[in-house]
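*Asks:*
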Amino acid sequence: MSQTETAQLRQEIERLNNHKFLRVHDSYRKMMFYQFLRGISFGLGSVMGATILVSFVGFWLSKIEFVPLIGDYAAQIATEIMQEMPEDSRN
1 MSQTETAQLR QEIERLNNHK FLRVHDSYRK MMFYQFLRGI SFGLGSVMGA TILVSFVGFW
61 LSKIEFVPLI GDYAAQIATE IMQEMPEDSR N
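To convert, note that position 24 of the sequence shown is 24 in the numbering used here; the numbers rise steadily by one, no gaps.
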């Protein structure tokens, strides 16, 4: 192996050692903090995505009144909720 090849190889190894991934995983504390933030981000994104998806599906299903089963069930739930509410809080 020539001197220039060795120098190039040494530069590449130094560049890899200075990479952010290796610097984060070099310390146990940094790695745990990084994984914690990664888990929080994944959980928050999942909850927000599911919330948006469920709200769109719920909104879409609320517009369907021609389906007797869903319409009757929703009307029954609304009637029961209105009966349980105090008189002063009803509109």
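In this text, a Cβ means the ideal position worked out from N, Cα and C, and glycines have one as well. This structure is a prediction, so every number in the text was calculated from the model and none was measured.
1. Work out the CA separation of F56 and G43 for me, nearest whole Å.
2. In the structure shown, what three-state DSSP assignment does N17 receive?
3. What is the residue span of the alpha helix (DSSP H) that I52 lies within?
4. Between the C-alpha atoms of L53 and F36, what's the straight-line distance to the nearest angstrom?
5. From H25 to M31, what does the alpha carbon distance come to, in whole angstroms?
6. Please report how far the alpha carbon of S41 lies from the alpha carbon of M48, in whole angstroms.
7. Specify the secondary structure class of M85 as computed by DSSP and reduced to three states.
8. Quick check: what's the CA-CA separation for A75 versus F33?
*Replies:* Looking at the coordinates:
1. 20 Å
2. N17 sits in a helix when the DSSP states are folded into three classes.
3. 28-62
4. 26 Å
5. C-alpha separation (whole angstroms): 5 Å.
6. 11 Å
7. coil
8. Near 49 Å, if we compare the C-alpha coordinates of F33 and A75.
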